[in-house]
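Residue numbers (our numbering), protein chains in the order written: chain A, 944 to 1159; chain B, 944 to 1159. Take a look at the structure set out below.
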DNA sequence: ATGCGGATTAAACAACTGTTTAAATGATGC
DNA sequence: GCATCATTTAAACAGTTGTTTAATCCGCAT
């Protein structure tokens, strides 16, 4: 599918520029000419290396995932041996820090936020390969906190409550910055936010757990 | 600013069509011709009644708010007399139901989700007039649960945790539908979700409150 | 009827979109 | 040196965009 493995320098530059533009402005608002001028290549290069703007978008998406895996290799899986509380703290902290990253990781988070809010065909792939495994991990983890008496749907709701507390800082960032900038004004503030989300969640799960299982 | 108050039928039809298109597809992806054909009016009408696509967007945004206020008049303010727990439950339930509405309310929610994730100049107006008052209300409400010993920034983090649990069902709806559709598959499921979010939050706040105030 | 003014229309406008073309470039093996 | 090939380039393409124009329509007071 790709030509000789000489340099592919042009291709990579397009990919990186595309990632930045798509993450920052979205698919529709990003023009092929923007990408190419930012990458310093000719307009026709996009259709030469990738066959269309849309397929470039898809490749930028998987490229984005590769970059993340390169920096956070196994990460979550390594926590299998830790006690439940530490696993929960690690999950929340990792998720929030990724979402708040200002570098390449942040581009990935922005791109994913767009994909989640307004999915293309690529979302199904992302959900199945990346998100569902982590979701399943939480499904096995949460009964350690709240007990086994809960409806499966309620367990899922708890999981969404955990994730939702983190996602808001990315998906509603402009709102957060206006209403309470102190919560994300510095790395320390973000660390504190992660800790508060963890404590909030732990308190909730622990308290709900003492009820030995409510029902639907 | 508006002409004679005869019918303004055309203007209203454009406004409604614009709201639907902007909510469904976003500002950039929506074309003036789409709006006009959906409204059954001439293309030039947009520039005649509103002077540009962008100012039509702004008017559609305030129109959207008017529609919401028409259906949920004072709502939140009426709860001043209720006990804190009921106020919290009412807030969460109202927020989630608005976010999940499938009618006009839902269009408003979609539009707001777009505006929050990718703000235009209109967001500042929306934040100050609509969101900040509700945020302040929560700022006064939360100490009833967790006590007064908390850092102001931590109180704000609690508030974001509350809101985040609700927002995820709108902002990450495509993801939720793929990972755990049961949490929002029916009105009953959504009601249950609201209840779980409330219980989750109440448990968290109550538990954190027993610590008589942690610190930063 | 007549003329006035807002409302509506079809048509055109210029700018921009993604994509294609065909020629030029440049390295590589012979 | 020459032919071959992928690569790069400027230019053009056809379609769409928001907006403007100028003509037409229509209700209504005169």
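Ideal Cβ positions, reconstructed from N, Cα and C, are used throughout, including at glycine.
- Contiguous alpha helix (DSSP H) elements confined to the stretch 1094–1132 of chain B occur at 1095–1114 and 1116–1122, taking only those with 4 or more residues.
- Residue 1039 (chain A) places its beta carbon less than 9 angstroms from that of residue 1136 (chain A).
- The shortest C-alpha to C-alpha distance from residue 1088 (chain B) to any of B:1147, B:976, B:1011 and B:1058 is the one to B:1147.
- Residues of chain B with a Cβ closer than 7 angstroms to the Cβ of residue 1140 (chain A) are, in chain order, 1104.
- When 8 angstroms is used as the limit between beta carbons, residue 1125 (chain A) is near these residues of chain B: 1095, 1096 and 1099, in chain order.
- With 16 or more neighbouring CB atoms inside 10 Å of its own CB, residue 1053 (chain A) falls in the buried class.
- By the Cβ neighbour-count rule, residue 991 (chain B) is exposed, with fewer than 16 other Cβ atoms within 10 Å of its own.
- At a cut-off of 9 angstroms between C-beta atoms, residue 1036 (chain A) does not count as an interface residue with respect to chain B.
- Among the CB atoms of chain A, one or more fall inside 9 angstroms of the CB of residue 1118 (chain B).
- Relative to residue 1122 (chain B), the option among A:1102, A:1051 and A:1001 whose CA is nearest is A:1102.
- Here residue 1028 (chain A) carries a helix assignment [DSSP, helix/strand/coil].
- Of all residues in the stretch 952–983 of chain B, only 969, 971 and 972 place a beta-carbon less than 8 angstroms from a beta-carbon of chain A.
- Using a CB distance below 8 angstroms, the part of the stretch 1065–1087 of chain B facing chain A consists of 1066, 1067, 1070, 1074, 1075 and 1078, ordered along the chain.
- Taking all protein chains in view, the Cβ of residue 1091 (chain B) is surrounded by fewer than 16 other Cβ atoms within 10 Å, so the residue is classified as exposed.
- Exposure of residue 1012 (chain B) is indicated by the presence of fewer than 16 other C-beta atoms within 10 angstroms of its C-beta.
- C-alpha of residue 1056 (chain A) to C-alpha of residue 1070 (chain A): approximately 13 angstroms in a straight line.
- Any Cβ of chain A closer than 9 angstroms to the Cβ of residue 1047 (chain B) would place that residue at the interface, and such an atom is absent.
- Scanning the stretch 952–1023 of chain A from its first residue to its last, the whole alpha helix (DSSP H) runs of 4-plus residues come out as 952–968, 975–982, 988–992 and 996–1014.
- Residue burial is scored here from C-beta neighbours: residue 1144 (chain A) has at least 16 other C-beta atoms within 10 angstroms and is therefore classed as buried.
- At a beta-carbon threshold of 9 angstroms, the residues of chain A lying near residue 1122 (chain B) are 1070, 1074, 1075, 1078, 1099, 1102 and 1103, ordered along the chain.
- Scanning B:1007, B:1073, B:1127 and B:982 for the CA closest to the CA of residue 953 (chain B) turns up B:982.
- The beta carbon of residue 1144 (chain B) falls within 9 angstroms of a beta carbon belonging to chain A, placing the residue at that interface.
- Residue 1046 (chain B) is positioned such that its CB atom lies no closer than 9 angstroms to that of residue 1111 (chain A).
- Approximately 15 angstroms separates the beta-carbon atoms of residue 970 (chain B) and residue 1006 (chain B); this is outside 8 angstroms, ruling out the contact.
- In the same chain as residue 986 (chain B), and ignoring 5 residues on each side of it, the C-beta atoms closer than 7 angstroms to its own belong to 975, 976 and 979, in chain order.
- For residue 1051 (chain A), the closest Cβ of chain B is not nearer than 9 angstroms.
- Membership of residue 1062 (chain B) in any alpha helix (DSSP H) is not indicated, and neither H nor E is assigned to it by DSSP.
- Straight-line measurement puts the Cα of residue 1129 (chain A) at about 33 angstroms from the Cα of residue 1065 (chain A).
- C-alpha of residue 1048 (chain A) to C-alpha of residue 984 (chain B): approximately 46 angstroms in a straight line.
- For the C-beta of residue 1111 (chain A), the chain B residues within less than 7 angstroms are, from N- to C-terminus, 1103, 1106, 1107 and 1110.
- Taking the beta carbon of residue 987 (chain B) as reference, no residue of chain A falls within 8 angstroms; the closest one sits roughly 24 angstroms away.
- For residue 1113 (chain A), same chain residues with a beta-carbon under 8 angstroms away, outside a window of 5 residues either side, are 1042, 1043, 1052, 1053 and 1056 in chain order.
- Residue contact check for residue 1003 (chain B) against chain A: no CB pair falls below 9 angstroms.
- With contacts defined by Cβ atoms closer than 9 angstroms, residue 1050 (chain B) and residue 1138 (chain B) do not form a contacting pair.
- Each residue's CA atom was taken as its position, placing residue 1084 (chain A) and residue 1027 (chain A) some 7 angstroms apart.
- Counting other Cβ atoms within 10 Å of its Cβ, residue 1061 (chain A) reaches 16 or more and is therefore classed as buried.
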